[in-house]
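For the sequence shown, full-length UniProt numbering gives the first residue as 1, with consecutive numbering after it.
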Amino acid sequence: MTTTKFKPDDILLLEQPFVKVPYESLRKTFRTSQKTIEREFNALQTAAEQHANKASQQGNSPDESIKTLDGIISRVEGLKRKLSELSEKSTVPTHGVLKKRFQHLDKVENMAEGCEDPEWDRWADTRVDRWVVDWALRTGKEKTAVQLAADKGIEDLVDIDLFSEIGRIESALLSHSCTEALAWCSENKQTLRKNKCNLEFDLRLQEFIELARNCKSEEAIAYSRKHLYSWMESHAKWIKHAMALLAFPPSAAFGAYKRLYDTERWKTLSRTFRLTAYDLSALPAQPVLHLALYGGLAALKHPSCYTFQHPQSSTTNTTKASPSPPARSILPTSNTRDSYTSSYSSLSAHLAEHPPLVTAPVADGSTRNVDCPTCDPECLGVLAREVPSSQHPNSSIVCRITGKIMDWNNQPLAFPNGQVYSTEALQDMAARNHNRVKCPRTEYTCEWKDLKKVYIS
């Protein structure tokens, strides 16, 4: 007997960024508040100490004391106003977002009936909507994402503002401007330093390169003294190469100097910034939709979904293997994964031209299941080609007629030709055909008594 219950921890495995993003935003707001308070209190303490020292040594007139105290009070009121604005614009909204997201995840814990629970379909649909919005935001389809989030009422469950900021800065970099990205680095300086991130250096180096490109040597030297000298210990090689650009204009550059002048560096900077922003916000480098697809397709894919056959089979059983469709990668874009995908695509193309000399079921759909997403050659089956096949030590046998699992309560029955279907399906067929049954695949017909029970070991 099958069960539709699930472990909430497994369901929530992909939901860590869902909660971490607003949590990281809250931490950032807290750090900003803390810095503001420390800065203002240090100034207040200094002013109070100076006033006390002056009063003890020379004595202050009442007017001077009042003036000093008014300045301190004014500064305290300014601090209160700043903290209040920060709370209203960041802290309170983020608390609301966190609350709604926890409520959304809490629904999974309360689904006692698992996938049969009436709330499950609604919750799962909302999750897919969130993943689609996340995918749209990552791929530059912001208007689509905003519209979908508004239509589904899930604005608090997606990170539109975060991706909008990342997209804005990324667009500025592609327009050859580092100003916005450097401002972002300044806001997150402490975290970037903690993570040993080189993004700020890369941006400063690029600004120096642009000054050298425009033959502004004096400005470039002044810029290097102000912004690059502090990186000398860790990036001496790059800084020396960059300084040499002052002697090699773009038209005369070669080797490493020519690569520094290459405008493709802006695209690299843009990608580096995006990945750094994802890392600081606890977001995965790939859309969650891709990660879910990768895991799901790998779990569903079976060797029978993709079959090859002997090239010299009989005419009735011969179907030429078609070349693999173009790769539509859903895998992480690391060097290792790119290498794997490239190798796999090459192997698929080779197998298409030179089918292996083994006998296997014909690729006419006989080994495919209409309810299996990876068996569909026009849809998810294209993506499933890129993932490994799953291994199921404990498999379930499904009837091709009813789509139900065959077990002790619905035992499999075999035709004399070897085709197997469930007892429930064949009983229904026999009741309508005077105790005769017909195999829907081969159209072989026989009496009910000719069927044999199949025992699964």
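Glycine included, each C-beta is placed from N, C-alpha and C at the ideal position. Note that the coordinates shown come from a computational prediction; the quantities given were computed from them, not determined experimentally.
Residue j beta carbon less than 8 Å from that of residue i
i                 : j               : result
threonine 402     : alanine 431     : no
isoleucine 160    : alanine 145     : yes
leucine 199       : cysteine 215    : no
threonine 139     : aspartate 202   : no
glutamate 219     : cysteine 178    : no
residue 471       : lysine 152      : The structure shown does not extend to residue 471, since the chain is modelled only from 1 through 457, so no value can be given for it.
isoleucine 66     : alanine 48      : no
glutamine 427     : threonine 442   : no
tyrosine 261      : alanine 252     : no
glycine 78        : phenylalanine 6 : no
glutamate 142     : serine 171      : no
residue 467       : cysteine 439    : In the structure as shown, the chain starts at 1 and stops at 457, and residue 467 therefore has no counterpart that could be examined.
proline 284       : proline 17      : yes
phenylalanine 422 : methionine 406  : Checking the sequence shown, residue 422 turns out to be serine, not phenylalanine. Yes, the Cβ-Cβ distance between serine 422 and methionine 406 is below 8 Å.
asparagine 435    : glutamate 447   : yes
valine 108        : isoleucine 11   : yes
alanine 43        : arginine 75     : yes
leucine 162       : valine 19       : no
leucine 174       : tryptophan 266  : yes
leucine 211       : tyrosine 229    : no
tryptophan 231    : isoleucine 239  : yes
proline 388       : alanine 298     : yes
threonine 36      : leucine 83      : yes
leucine 246       : serine 217      : yes
Environment of residue i [buried if 16+ CB atoms lie within 10 Å]
i              : result
tyrosine 257   : buried
lysine 301     : buried
arginine 122   : exposed
arginine 204   : buried
aspartate 106  : exposed
leucine 13     : exposed
asparagine 195 : exposed
isoleucine 209 : buried
glycine 381    : buried
histidine 290  : buried
glutamate 386  : buried
serine 346     : With a pLDDT of only 46 at serine 346, under the threshold of 50, the placement of this residue in the model should not be trusted; the figure read from the coordinates follows. Its Cβ having fewer than 16 others within 10 Å, serine 346 is exposed.
asparagine 188 : buried
cysteine 379   : exposed
leucine 293    : buried
isoleucine 166 : buried
alanine 277    : buried
aspartate 9    : exposed
leucine 192    : buried
aspartate 134  : buried
alanine 150    : exposed
aspartate 338  : Residue confidence for aspartate 338 is low, a pLDDT of 43 falling below 50, so the modelled location carries little weight; the figure read from the coordinates is stated next. Label assigned to aspartate 338: exposed.
arginine 259   : exposed
arginine 274   : buried
histidine 392  : exposed
residue 530    : Lying outside 1 to 457, the shown extent of the chain, residue 530 is not represented and no answer is given.
serine 343     : In this prediction, serine 343 has a pLDDT of 39, which is less than 50 and means its spatial position is unreliable; nothing more can be read from the coordinates.
serine 234     : exposed
arginine 39    : exposed
glutamine 45   : exposed
arginine 225   : exposed
Residues sharing a beta bridge with residue i, DSSP
i              : result
lysine 453     : Leu413
arginine 436   : Glu447
isoleucine 405 : Val398
serine 422     : Pro412
Residue-chain proximity (residue i, chain D), Cβ-Cβ < 8 Å
i           : result
proline 416 : Annotation note: the requested chain D is absent from the structure, which comprises a single protein chain.
- Query: Counting Cβ pairs, one atom from each stretch, are 3 or more of them under 8 Å apart for the segment 25-41 and the segment 92-99?
  - Reply: yes
- Message: Three or more C-beta pairs under 8 Å: does that hold for the segment 29-41 against the segment 106-118?
- Response: no
- Query: For the 8 Å Cβ check, are there 3 or more pairs between the segment 405-413 and the segment 440-455?
  - Reply: yes
- Message: Give the list of continuous alpha helix (DSSP H) stretches no shorter than 4 residues that lie fully inside the segment 65-131.
- Response: 92-109
- Task: List in chain order: all unbroken alpha helix (DSSP H) runs of 4+ residues lying wholly within the segment 238-285.
- Result: 255-261, 264-280
- Task: With a floor of 4 residues, list each alpha helix (DSSP H) that falls wholly inside the segment 150-177, ordered by position along the chain.
- Result: 160-174
- Enumerate, from N- to C-terminal direction, the unbroken alpha helix (DSSP H) stretches of 4 or more residues contained entirely within the segment 201-234. 217-223
- Message: Going residue by residue through the segment 3-56, where are the continuous alpha helix (DSSP H) segments of at least 4 residues, counting only ones entirely within it?
- Response: 8-11
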